[in-house]
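Residue numbers (the working numbering): 5 to 348. Here's the structure, in structure tokens; my notes come after.
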């Protein structure tokens, strides 16, 4: 069995060694080189041609984001960002995900052995998925969808995971200027990072977006993003409920909680899309939406970073049609207007 050859990039000698130890413990992974800053990372990537790179976000001489842009331009390779839990780190990480990084993990903190094992498990899992992810997918230039012709009492739901920030950016760039339905989003991310993602989506799109808070009222034309580390549901009073329950499918927030609650509340007026991501979150919720008369679309494999969640929803018969990410917005607008395009 050939091993995945990994280049580890971090300015901290301690973190470099921790990452090396974590990866070297796996039989299918091999650390073939290390770099302490972005400039060195570019040279090592060129020299070693690794299968995958773990890349620190904040470094001297050249940031991880700048190094990523250079590496992806020269020889696209799966990259997993390694970030601090700071607002600066979160903002830079979101930008890196939009520029082609596959996924990210938070830097391990000094603490218990159990905490380090948890980080190791997350890192190794994401590396194994990133190894087979689609790198350097070129999205078509987004074309803004026509606006809904009339006000509606429908709701639109989005589920995304690995590759989600980039997909969501494309989606927001295609939504019409006068989008007039509530838009609820679950993106698998830890606390703090969703705040930065919501701010980013708010800036680049025409639909206002913010991180959801307990008791928020659903409003036409506003997007709410589930906060990292909390599940999100919709109540019968059209208000947001946040709760800190167990992970579902290993994630929190989980789209299934949102989808199933919205299906019960809105029935035929529920429209959803399952975007790129590993695992099966959103599949059960999508089936609940379909059974109650709503419409669900999936992102086509051709634009997915990881074709996992859309595949899972499709395989259980929950998806009406699949579209590349630059066409999802158009499909949502059509469904809101009562026209469901079932041509994949």
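A virtual CB, placed ideally from N, CA and C, is assigned to each residue, including glycine. Given the structure is predicted, the values throughout are model-derived calculations rather than measurements.
Item: What do you reckon, are the CB atoms on residue 82 and residue 13 nearer than 8 Å?; Value: no
Item: Taking 6 Å as the limit between beta carbons, can you name the residues of its chain near residue 97, skipping five residues before and five after?; Value: 61, 85, 87 and 108
Item: Considering only the alpha carbon of each residue, which of 94, 95, 49 and 63 lies closest to residue 399?; Value: Here the chain has residues from 5 to 348 only, and residue 399 is not among them.
Item: Going by CA-CA distance only, name the one from 282, 275, 330 and 343 that's closest to residue 323.; Value: 275
Item: For residue 191, is the classification buried or exposed, using 16 other Cβ atoms within 10 angstroms of its Cβ as the cut-off for buried?; Value: buried
Item: Taking C-alpha atoms, which residue in 264, 178 and 11 lies nearest to residue 161?; Value: 264
Item: Bridge partners of residue 96, per DSSP?; Value: Its beta-bridge partners do not exist; DSSP assigns none.
Item: Just confirm the distance between the C-beta atoms of residue 219 and residue 235, as a whole number of angstroms; I'd bet it's less than 8 Å.; Value: With 8 Å as the limit, residue 219 and residue 235 do not qualify as a contact, their Cβ atoms being about 15 Å apart.
Item: Would you please state the rounded distance, in angstroms, between the beta carbons of residue 294 and residue 159? I believe it to be under 8 Å.; Value: Not confirmed; about 15 Å, so no contact.
Item: Compute the distance between the beta-carbons of residue 72 and residue 56, then report whether it is under 8 Å.; Value: no
Item: Going by beta-carbon coordinates alone, are residue 93 and residue 66 separated by less than 8 Å?; Value: no
Item: For residue 288, name the three-state secondary structure that DSSP assigns.; Value: helix
Item: Looking only at its own chain, which residues have a Cβ that is under 6 Å from the Cβ of residue 197, when we skip the five neighbours before and after it?; Value: 94 and 232
Item: Can you name, in chain order, every residue of its own chain whose Cβ lies under 6 Å from the Cβ of residue 163, other than the five neighbours on each side?; Value: 190, 259, 278 and 286
Item: Hey, could you find the ends of the beta strand (DSSP E) residue 107 is sitting in?; Value: 107-110
Item: Going by beta-carbon coordinates alone, are residue 137 and residue 166 separated by less than 8 Å?; Value: yes
Item: Quick check: residue 209 and residue 229, are their CB atoms within less than 8 Å of each other?; Value: no
Item: Can residue 187 and residue 211 be called in contact, C-beta distance under 8 Å?; Value: yes
Item: Going by DSSP, name the residue or residues bridged to residue 60.; Value: 86
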